[in-house]
Amino acid sequence: PPPPPLPPVAAGGDTGRSAMLEGIQRAGGINSLKKVDRSQIRDRSGVQVGSGGESGGANAAPAAAGAPGGGGGMADALAAALQKRKEKVSKSDDESDNDDW
Numbered sequence: 001p002p003p004p005p006l007p008p009v010a011a012g013g014d015t016g017r018s019a020m021l022e023g024i025q026r027a028g029g030i031n032s033l034k035k036v037d038r039s040q041i042r043d044r045s046g047v048q049v050g051s052g053g054e055s056g057g058a059n060a061a062p063a064a065a066g067a068p069g070g071g072g073g074m075a076d077a078l079a080a081a082l083q084k085r086k087e088k089v090s091k092s093d094d095e096s097d098n099d100d101w
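Be aware that the sequence shown starts at 1, since it is given in full-length UniProt numbering, and climbs by one per residue.
Spelled out as structure tokens, the structure:
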């Protein structure tokens, strides 16, 4: 027998994800998804953190913490914390160069 229907989604839920999952279910479930060769998959891990369409690397500037469209997720919080730490460390390095003991 088919599985029972899913419970209704709360109004404040992630509508993009819900719509995608609903589309997969309407198309016939997970078995209807097509296989994709791993060499064709783009690395999107730096998309949230990078800016201006760059492919988030070591030199890419993280997005502002309160930027519009930001997910406010753990990755954003980590990027903001690392940016603050980087600024503090660079200020500390600049100040210590001018000190005469």
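For each residue, glycine too, the CB sits at the ideal point set by N, CA and C.
Grab me the residues of residue i's own chain with a C-beta within less than 7 Å of its C-beta, minus the 5 sequence neighbours each way, in chain order.
i: residue 66; result: Because residue 66 sits at a pLDDT of 44, beneath the cut-off of 50, its placement in the model cannot be relied upon, and the following sentence gives the value as read from the coordinates. Once the five neighbours on either side are set aside, residue 66 has no close Cβ partner at all.
i: residue 90; result: none
Which same chain residues end up closer than 8 Å to residue i when comparing Cβ atoms and leaving out the 5 residues on each side of it in sequence?
i: residue 30; result: 24
i: residue 32; result: 24
i: residue 4; result: none
Judging by CA-CA distance, which residue of the options is the nearest neighbour of residue i?
i: residue 6; options: 73, 22, 17 and 88; result: 22
Pick out the complete beta strand (DSSP E) segments inside the UniProt domain "WH2" (16-36), 3 residues or longer, and give them in chain order. none
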